[in-house]
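Okay, so here's the structure we're looking at.
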Amino acid sequence: MRQRIRSSICCLLSSLFLLGAISPLSIAHAGRREDITFERFTVEETAAGENGRCVSCDIYEAAAQPRRQISWTELRRRFRGTFTTRGPAVPRRVALTFDDVPDTEFTPKVLDILARYHVKATFFIVGQRAKEHPEMVRRIVREGHAIGNHSYNHMVFSNLSQHKFSLQIAKTESILKSIVGFAPRYIRPPYGEITPGQLEWARKHGYYIVNWNVDSEDWRSISSGRVLQNIKRTLTPGSIVLQHAGGGVGEDLSGTVKALPELIGYLRQKGYEIVTLPELLGRSVEVR
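Going by full-length UniProt numbering, the sequence shown opens with residue 1, and the numbers climb by one from there.
What follows is the structure, encoded as structure tokens:
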């Protein structure tokens, strides 16, 4: 009975999310902090306005909650052209995206499979990890995949001041430029959380904030069967699929890796063309 009630609640919350009625942090990624113990990164902030003070920022802070929740539907309406969760329904395309990269365990496995099946995807890069594994970032770009900015150390943007938010973007940009010679104009906020003020900043500076409309929920360390089930459940033409190719301490993304060949086969069988975000949205990836 308890399991039946829990399933009913999950279905209701998922429906509300798809309708844009609630923020995804409360139904998807909030549980992530309870299920997994993640690596801890630190970022030193010494820019003007911070009084030269060194601030330690922990990845996936247990107390992190957004200051204010605004539905993605409302954000799409207010920031059309800057904020999106999906691409056009015609032609029949889908974009596979992988967050929290790079690492040395799951990122190479995902790249190997994509190369084997001649598929291009989009990888959202955490700046701290890029600095630790620059060769993996170079491989992602060399093999023809698109990249995006996923913050410096995975802080909840809606909890940050405008200065700290922009610092998260700038630090990762600087790292990526030093590694591959350019920085992406695509940004994916950790947990999908971002404020109207931050979106206004993104619009002013020519960035595109790209979330998703299909969540594999692979961060729960689930089986390949459940990964596939979660994706198939809400997949439609123009979908942006959220997966992960970089794990935290204790996080097992084996289900993602195992599911990927079958997912590619399924999408092709259903007539989908698998493309990068720049191809799906018709906007170039590079900035400056």
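For every residue, glycine included, the Cβ atom is placed at its ideal position computed from N, Cα and C.
Proximity of residue i and residue j at Cβ, strictly below 8 Å
i                : j              : result
threonine 256    : histidine 145  : no
alanine 121      : glycine 238    : no
arginine 283     : tyrosine 208   : yes
valine 241       : tryptophan 219 : no
serine 221       : alanine 259    : no
valine 210       : tyrosine 186   : yes
isoleucine 194   : glycine 127    : no
glutamate 105    : glycine 247    : yes
arginine 92      : tyrosine 266   : no
leucine 253      : alanine 95     : no
histidine 133    : proline 184    : no
phenylalanine 98 : alanine 202    : no
glutamine 243    : serine 216     : yes
cysteine 274     : proline 196    : Contrary to the premise, residue 274 reads as isoleucine rather than cysteine in this sequence. Result no, Cβ atoms of isoleucine 274 and proline 196 do not sit closer than 8 Å.
lysine 171       : tyrosine 152   : yes
Whole-angstrom C-beta distance between residue j and residue i, which should lie under 8 Å
i            : j                 : result
glycine 148  : phenylalanine 124 : 4 Å
arginine 188 : histidine 154     : Actually they do not touch by this definition, with Cβ atoms about 11 Å apart.
valine 119   : isoleucine 264    : 6 Å
Contact with chain C by residue i, beta-carbon distance below 8 Å
i            : result
arginine 233 : The displayed structure is made up of one protein chain only, and chain C is not part of it.
Beta-bridge pairing of residue i - partner residues as DSSP gives them
i                : result
glutamate 273    : Arg93
phenylalanine 83 : Ile209
Cβ-heavy atom distance, residue i to the ligand SAH, below 7 Å
i          : result
valine 126 : Ligands are entirely absent from the displayed structure, and the ligand SAH is therefore not among its contents.
Does the pairing of the segment 138-146 with the segment 171-187 give three or more beta-carbon distances under 8 Å? Cβ pair count under 8 Å is three or more, so yes.
Touching or not, the segment 155-169 and the segment 104-116, by the rule of three or more beta carbon pairs under 8 Å? no
Quick check: the segment 219-236 against the segment 65-84, are there 3 or more CB pairs under 8 Å? no
Give, in chain order, every unbroken run of the alpha helix (DSSP H) that is at least 4 residues long and sits entirely within the segment 94-177. You should have 106-116, 127-132, 134-142.
What beta strand (DSSP E) runs, 3 residues minimum, are completely inside the segment 186-246? 208-210, 240-244
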